[in-house]
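Each residue of the sequence shown is one higher than the one before, counting from 0 in numbering that gives the first Met the number 0.
Ideal Cβ positions, reconstructed from N, Cα and C, are used throughout, including at glycine.
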Amino acid sequence: MKITEIIKHDLHTINVNDTVDKALETLQNLNLNGMPVVDETNTLVGMVVKADIYRFMIHPGHYDSCPVDWVMSKSVITAGSDEDILVVAKRLRDNNIIAMPVVKNDKVVGIVSIEDLLDYFINED
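As structure tokens, this is what we get:
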């Protein structure tokens with residue numbers, strides 16, 4: 000089965016030029032830990048998580064008005080939209096992460112989490 004059959008399509012992203020404050024506010028309002036960062040063409044350019052924002056903000060001279068680009072991870076582990084669920088599950092585990100963006104032609108089409116995979120395997124029987 001392909002990963003696109005279980006991904007969350009109600010995806011929330013943030014633009015690379017948005018502020019750290021906007022990213023944190025969005026994460027808190029949506030009760031998310033992290034979200035993909037995209038450019039003006041909706042191409043994936045990074046991933047931002049609350050912990051990275053908090054670590055960034057404790058340093059003097061780092062302000063909430065700084066761009067998300069300053070705090071995001073630019074090396075993002077992704078899943079291709081045509082990949083098998085088991086392959087993606089192994090990648091999540093091997094990289095010790097809880098969620099990753101699913102992309103097609105460098106565009107984010109969804110996100111998959113450990114919970115999505117657990118639900119799939121529990122309901123598979």
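- In this structure, D68 and V15 form a Cβ contact; the two beta carbons are roughly 5 Å apart against a cut-off of 8 Å.
- By DSSP's assignment, K1 forms a beta bridge with D83.
- Counting of Cβ neighbours within 10 angstroms places P59 among the exposed residues, the total staying below 16.
- The beta-carbon separation of T25 and I13, rounded to 6 Å, stays under the 8 Å limit for a contact.
- Three or more Cβ pairs closer than 8 Å define a contact, and the stretch 69 to 80 meets that threshold against the stretch 43 to 55.
- Across the set A88, Q27, V102, the C-alpha of A88 shows the shortest separation from the C-alpha of M0.
- In the structure shown, L43 adopts extended strand secondary structure according to DSSP, grouped into three states.
- For M56, the uninterrupted alpha helix (DSSP H) segment begins and ends at 49 to 56.
- In the DSSP assignment, S112 forms a beta bridge with A98.
- Taken through DSSP and simplified to helix, strand or coil, K106 comes out as strand.
- Residue range 19 to 29 is occupied by the alpha helix (DSSP H) that includes V19.
- DSSP places P35 inside the beta strand (DSSP E), whose first and last residues are 33 to 37.
- The Cβ atoms of A78 and I2 lie closer than 7 Å to each other.
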